[in-house]
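What follows is a single structure, written as structure tokens, with notes after it.
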Amino acid sequence: MVTPALQWMGDSHGYLELIDQRCLPGALITLEVRDTVTLYEAIQTLAVRGAPAIGVAAAYGLVLAVQNASGDTASQAMVDLRAQADYLAKSRPTAVNLCWALDRVTRAAEAFVPGYASADREALLACVFQEARAICQEDVAMCLRIGQHGQHFIKDGFGVLTHCNAGALATAGQGTALSLMFEAQKKGRDFTVYADETRPLLQGARLTAWELQNAGIPVRLICDNMAGWLMKQGVIHMVVTGADRIAANGDSANKIGTYSLSLLARAHGIPFYIAAPSSTFDLSLASGDAIPIEERGAHEVTQIRDTVIAPKDIGTRNPAFDVAPAENITAIVTEKGVIERPDREKIAAHFKED
Ligand code: MRU
Numbered sequence: 085m086v087t088p089a090l091q092w093m094g095d096s097h098g099y100l101e102l103i104d105q106r107c108l109p110g111a112l113i114t115l116e117v118r119d120t121v122t123l124y125e126a127i128q129t130l131a132v133r134g135a136p137a138i139g140v141a142a143a144y145g146l147v148l149a150v151q152n153a154s155g156d157t158a159s160q161a162m163v164d165l166r167a168q169a170d171y172l173a174k175s176r177p178t179a180v181n182l183c184w185a186l187d188r189v190t191r192a193a194e195a196f197v198p199g200y201a202s203a204d205r206e207a208l209l210a211c212v213f214q215e216a217r218a219i220c221q222e223d224v225a226m227c228l229r230i231g232q233h234g235q236h237f238i239k240d241g242f243g244v245l246t247h248c249n250a251g252a253l254a255t256a257g258q259g260t261a262l263s264l265m266f267e268a269q270k271k272g273r274d275f276t277v278y279a280d281e282t283r284p285l286l287q288g289a290r291l292t293a294w295e296l297q298n299a300g301i302p303v304r305l306i307c308d309n310m311a312g313w314l315m316k317q318g319v320i321h322m323v324v325t326g327a328d329r330i331a332a333n334g335d336s337a338n339k340i341g342t343y344s345l346s347l348l349a350r351a352h353g354i355p356f357y358i359a360a361p362s363s364t365f366d367l368s369l370a371s372g373d374a375i376p377i378e379e380r381g382a383h384e385v386t387q388i389r390d391t392v393i394a395p396k397d398i399g400t401r402n403p404a405f406d407v408a409p410a411e412n413i414t415a416i417v418t419e420k421g422v423i424e425r426p427d428r429e430k431i432a433a434h435f436k437e438d
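Spelled out as structure tokens, the structure:
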């Protein structure tokens with residue numbers, strides 16, 4: 085049973101309900117989000133997280149923006165919508181799905197307003213709600229197709245390493261990397277997942293281990309520094325992770341630690357897969373060098389939740405993401421199929437078919 089990370093409650097006048105992922109696995113608590121300030125805080129503090137989930141949440145955030153807009157006309161509400169889109173775009177910089185979803189809803193609203201200059205705010209609200217709901221529904225479908233396209237990589241007897249959380253909690257559907265696992269499970273395949281704990285915020289330990297355990301998929305939690313040794317021991321047969329932004333040449337940004345895993349996998353001759361929807365590709369960037377990497381606060385490194393684990397005032401670095409170079413990636417699995425040994429030409433061809 086897949087737990088929805090986020091769902092819209094009610095009609096266009098409703099609200100966004102999120103699982104508060106900061107509290108997992110200890111408590112399954114939901115948050116009611118009724119304004120963009122609350123949503124911004126929820127995204128920035130990782131109550132809702134994972135690239136596709138952030139995108140869907142942001143799309144619904146613009147529904148909230150129109151609900152709360154000043155003025156009764158669609159044109160007046162558009163001013164607030166644009167301002168709130170700019171505001172939400174700043175909540176986290178690396179996952180391109182955020183800006184992708186905000187742009188898509190804004191464009192749908194802009195296409196609506198000129199033709200309906202005298203329309204009231206209610207009509208704009210209906211239009212924005214329809215687009216946000218479409219983004220959410222498409223994400224559910226994309227997740228399923230990603231799993232269906234990539235499940236065959238998981239063979240009987242495999243040890244499958246994953247990093248961070250690219251499961252149902254990170255999307256509106258059943259996840260990206262974990263979708264391969266859910267689909268392999270449906271086929272009756274027997275495999276074990278090795279979940280990196282994923283310091284500093286422990287998405288692997290708190291979220292991936294929780295999701296897989298709930299789904300009845302055998303999972304072993306490991307500390308991040310154990311992956312290389314387990315590869316050497318022959319325990320790991322493949323690596324699959326999600327992504328936050330994929331450049332035109334296939335370089336893929338994902339949770340910090342993914343770069344090292346891609347090098348380790350290559351050194352051990354182990355296939356390394358990325359699973360991501362098309363909304364995670366940023367074809368405007370020539371390579372991963374241009375992907376903005378979020379740097380987060382020192383407290384995430386010096387503390388585990390409220391427990392301090394380092395000397396007071398110690399200097400830190402806390403890049404939240406890194407980039408796995410395309411040459412280390414065996415294949416990228418999208419909702420459209422599999423891009424083997426990704427490069428600029430293959431990625432362009434993959435998306436040309438649209
Ligand atoms: O900081 P987070 O928890 O938002 O980071 C999430 C990841 O790195 C995921 O692997 C990525 O967003 C893909 S989720 C399908």
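Under our numbering, think of the first position of the sequence shown as 85, with each following residue one higher.
Ideal placement from N, C-alpha and C gives every residue a C-beta, glycine not left out.
In this text, all values refer to a predicted model and were calculated from it rather than measured experimentally.
Asked: Report all residues from its chain with a CB closer than 7 Å to the CB of I354; omit the five preceding and five following residues, and keep chain order.; Found: M315, I320, H321, M322 and V323
Asked: By alpha-carbon positions, which one of A126, I375 and H97 ends up nearest to V212?; Found: H97
Asked: Quick check on DSSP: helix, strand or coil for K239?; Found: coil
Asked: Please confirm whether any heavy atom of ligand 1 lies closer than 7 Å to the CB of L296.; Found: no
Asked: Whose beta carbon lies closer than 5 Å to any heavy atom of ligand 1, going through the chain in order?; Found: R133, G134, A135, C248, A250, A254, T260, Q287, G326, D328, N338 and K339
Asked: What residue does the beta strand (DSSP E) around V303 start on, and which one ends it?; Found: V303 to I306
Asked: Between the C-alpha atoms of R30 and Y357, what's the straight-line distance to the nearest angstrom?; Found: The displayed coordinates of the chain run from 85 to 438. Any statement about residue 30 would go beyond what the structure contains.
Asked: Kindly identify the DSSP beta-bridge partner or partners of N249.; Found: Note: N249 sits in no beta bridge, so no partner.
Asked: Does the Cβ of L348 have 16 or more other Cβ atoms within 10 Å, making it buried, or fewer, making it exposed?; Found: buried
Asked: Determine the burial state of K271: buried for a count of at least 16 other Cβ atoms within 10 Å of its Cβ, exposed for fewer.; Found: exposed
Asked: Jot down the residue ranges of each uninterrupted beta strand (DSSP E) in the region 373-411, minimum 3 residues, whole runs only, in chain order.; Found: 405-408
Asked: Answer yes or no: do T292 and N181 have a C-beta to C-beta separation smaller than 8 Å?; Found: no
Asked: Report the three-state DSSP secondary structure of A256 (helix, strand or coil).; Found: coil
Asked: Whose C-beta lies closer than 7 Å to the C-beta of D204 among residues of the same chain, with five residues either side of it excluded?; Found: D156, T157 and A158
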